[in-house]
Ligand SMILES: C[S@@+](CC[C@H](N)C(=O)[O-])C[C@H]1O[C@@H](n2cnc3c(N)ncnc32)[C@H](O)[C@@H]1O
């Protein structure tokens, strides 16, 4: 996932490596594919549940598609990465919103 230099600089140092050199989670998948699958199976007001959330690709896709989402993950390090990636989506969406209101 690409994030801006500003977003990158706000990340705790221990998480920056995951964005600088790629996420190390073993099954990171294309967000575009997960967005397509979320749209395919989720009703308009549905909630995407990922009980094995890993580094959060499915949750990011759900968020970008405007769905509510719930993730469950047992590895604390992956939770931190997923949370950081989800925050980056929020910053991205706020930036796009601000740009449209110029
Ligand atoms: C294949 S990865 C998940 C990928 C993720 N769905 C995505 O969208 O990128 C599977 C994850 O499930 C987590 N996991 C395995 N057993 C679990 C359990 N019992 N409870 C919570 N998480 C679990 C692992 O730590 C691993 O990160």
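Residue numbers (my numbering): 165 to 266. All C-beta atoms in this analysis are idealised placements derived from N, C-alpha and C, irrespective of residue type, glycine included. The structure presented is a predicted model; accordingly, all values stated were derived computationally and were not measured.
Quickly, what does DSSP pair residue i with across the bridge? List them, please.
i, result
"residue 211", "232"
Quick check on the DSSP output: the alpha helix (DSSP H) that includes residue i runs from which residue to which?
i, result
"residue 196", "195-205"
Evaluate residue i with the Cβ neighbour count: other Cβ atoms within 10 Å of its Cβ, from every protein chain shown; 16 or more gives buried, anything less gives exposed.
i, result
"residue 223", "buried"
"residue 210", "exposed"
"residue 196", "exposed"
"residue 203", "exposed"
"residue 185", "Residue placement at residue 185 cannot be trusted, given a pLDDT of 46 that sits under 50; what the coordinates show is reported in the next sentence. Residue 185 should be labelled exposed."
"residue 240", "exposed"
"residue 173", "exposed"
Touch check for the stretch 201-215 and the stretch 226-239: three-plus C-beta pairs under 8 Å?
Here the stretch 201-215 lies against the stretch 226-239, with 3 or more beta-carbon pairs under 8 Å apart.
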